[in-house]
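*Asks:*
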Amino acid sequence: MADIKDMSKLDDKALQHVAKYFKALAEPMRLKVLNALQDGEKNVGQLTELSGGTQANISKHLSLLDQYGLVKRESRGNCVFYSIADPSVYELCELVCGQIGVRMSQETDISKLFTAAQQSAQ
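Residue numbering for the sequence shown follows the numbering used here, beginning at 1 and increasing consecutively.
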């Protein structure tokens with residue numbers, strides 16, 4: 001079995017699974033849903049209220065997140081509750097958010113330098 005921590009050793013089938021995992025995270029509404037679940041399980045109605053989406057839309061996103069193993073569902077009576085199945089998704093998101101924050105800060109610094117240079121040239 002390939003070492004799944006070393007992406008260079010993954011075969012095409014494994015890379016397809018990795019790509020699907022990232023695709024599941026590539027939708028802002030799904031990220032909102034994951035954020036809402038960070039502090040505990042919720043049902044579709046609660047997630048709809050917290051995310052601002054429609055019930056049908058949230059259900060669709062939850063289905064995909066469940067399909068890729070990011071959330072788990074538990075039926076209780078006529079209600080279904082969702083919770084995080086893979087808590088490491090938050091570590092990944094924090095890593096990505098940190099990198100985006102650094103890049104945005106650098107872009108802001110460069111923009112300020114460019115603006116200052118334009119103003120002194122006038």
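The beta carbon of each residue, even a glycine, is placed where N, CA and C say it ideally should be.
According to DSSP, is tyrosine 82 helix, strand or coil?
*Replies:* Here residue 82 corresponds to residue number 82 of the sequence shown, with the count starting at 1. Three-state result, tyrosine 82: strand.
*Asks:* Answer with buried or exposed for leucine 92, where buried requires no fewer than 16 other C-beta atoms within 10 angstroms of its C-beta.
*Replies:* Position 92 of the sequence shown, counted from the first residue, corresponds to residue 92. Leucine 92 should be labelled exposed.
*Asks:* What are the boundary residues of the beta strand (DSSP E) that lysine 72 is part of?
*Replies:* In the sequence shown, residue 72 corresponds to position 72, counting from 1. For lysine 72, the enclosing beta strand (DSSP E) has its first and last residue at 71-76.
*Asks:* Rounded to the nearest angstrom, how far is the Cβ of arginine 24 from that of leucine 64, given a contact under 8 Å?
*Replies:* Taking the sequence shown and counting its residues from 1, the one referred to as residue 24 is at position 24. Taking the sequence shown and counting its residues from 1, the one referred to as residue 64 is at position 64. The question names arginine, yet the displayed sequence has alanine at residue 24. The C-beta distance from alanine 24 to leucine 64 rounds to 6 Å, short enough to meet the 8 Å contact threshold.
*Asks:* Would you report the Cα separation of histidine 17 and threonine 115, rounded to the nearest angstrom?
*Replies:* Mapped onto the sequence shown, residue 17 falls at position 17. Mapped onto the sequence shown, residue 115 falls at position 115. Roughly 44 Å between the two C-alpha positions.
*Asks:* Tell me the rounded alpha-carbon separation between tyrosine 82 and lysine 13.
*Replies:* One-based indexing of the sequence shown puts residue 82 at position 82. One-based indexing of the sequence shown puts residue 13 at position 13. Computed Cα separation, rounded: 28 Å.
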